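As structure tokens, the structure follows; a few thoughts come after it.
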Amino acid sequence: MAESLKHVILRLAEERAGATFSPTEAAMALRPPRPDEVKGEEKWRGFLRQVRAEAKGLARQGRIDILRRGEPQDPSKPIKGLIQLRKTPGSPPFDPNED
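Residue numbers for the sequence shown follow the numbering used here, so the first one is -7 and each next one is one higher.
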């Protein structure tokens, strides 16, 4: 069974142990680039909006932080530009069996 987007984000956050990662990394974990794809047309790019939306939901739950220019962002407000994600300090460890 394929790993869900939520699980990909939480797993990456756990693996980074407080360090940040980009939404691109989560999208590429869902759909790794293939050697036969033309640069700029890779299938993982289609997941970026979904990654950002799922990240906002997880941030509202206190599971991850969304950072822009190193500053935490309010997930209830629009967030434009480049962002990074990280595990929220003190949030529970990732459980691959959770829904």
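All C-beta atoms in this analysis are idealised placements derived from N, C-alpha and C, irrespective of residue type, glycine included. Model, not experiment: these values are computed from the prediction.
| Item | Value |
| --- | --- |
| Proximity below 9 Å, CB of G73 to CB of R60 | yes |
| One or two residues paired with L77 in a DSSP bridge | F13, I58 |
| Backbone CA spacing between S83 and E6 [nearest angstrom] | 10 Å |
| Through-space distance from V43 to V30, alpha-carbon basis | 22 Å |
| According to DSSP, residues forming a beta bridge with R64 | The question names Arg, but residue 64 in the sequence shown is Pro. L59, per the DSSP bridge assignment. |
| 8 Å Cβ shell around L40 - same chain, five flanking residues per side excluded | P15, T16, A19 |
| Boundaries of the alpha helix (DSSP H) in which G49 is found, first to last residue | 40 to 52 |
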